[in-house]
Amino acid sequence: MTAALRLARPDDLDRLMALVAAFHSESGIAQDDEKRRNALAPLLDGIPHGCIYLIGPGRAPLGYVILTFGWSVEFGGMDAFVDEIYIRPAVRGRGIATEVLHDLPKALAEAGLTALHLEVDRTNETAQKLYLRSGFKPRERYMLMSKLL
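Residue numbers (the UniProt record's numbering): 1 to 149.
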């Protein structure tokens, strides 16, 4: 299966809201629609801090991937985080996420990015296996830490 990626645009917001709400519900992320909309809209409008790709057909996407951009001295330049990746449950297990995580880094490297990072729930062995197969490696010496502002 070819997991076509298309950069999401402002007119994709409602379609994307439904997908993100499904992912958040499945993942136990508590966020109201207004906060979700306010977080997604700037990425669709083209702010330089990240972007969103829809996966699959434009009218009925199979999922999405959200990237946020940063800069790393350690990794030698611009890097990105896979902030969220979601595939609809009905089409999981068909290699779509694997294809996305295999092809997207190639395109990002061609655009000048030096590293791609992600975080994964320590108990989600299925996702960990997917990410390992896709070339991501755990950084045993480091732990992601966050502080809400």
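In this text, a Cβ means the ideal position worked out from N, Cα and C, and glycines have one as well.
Please report the Cβ distance between residue i and residue j, rounded to the nearest whole angstrom; I am assuming they are in contact, meaning their Cβ atoms lie under 8 Å.
i           : j          : result
residue 41  : residue 13 : 6 Å
residue 118 : residue 82 : 4 Å
residue 50  : residue 68 : 4 Å
Measure from the alpha carbon of residue i to the alpha carbon of each residue in the options, then state which is nearest.
i           : options           : result
residue 101 : 16, 26, 70, 66    : 66
residue 116 : 85, 74, 108       : 108
residue 120 : 114, 93, 131, 113 : 131
residue 37  : 21, 29, 27, 26    : 21
residue 5   : 26, 68, 58, 148   : 58
residue 87  : 99, 143, 10, 9    : 99
residue 8   : 139, 75, 44       : 44
residue 127 : 35, 28, 92, 29    : 92
residue 23  : 89, 39, 139       : 89
Beta carbon of residue i, beta carbon of residue j: below 9 Å?
i           : j           : result
residue 80  : residue 113 : yes
residue 85  : residue 64  : yes
residue 62  : residue 70  : no
residue 17  : residue 32  : no
residue 97  : residue 3   : yes
residue 135 : residue 105 : yes
Which ranges would you report for the alpha helix (DSSP H) in the UniProt domain "N-acetyltransferase" (3–149) if only whole runs of at least 4 residues count? 13–27, 33–45, 96–110, 125–133
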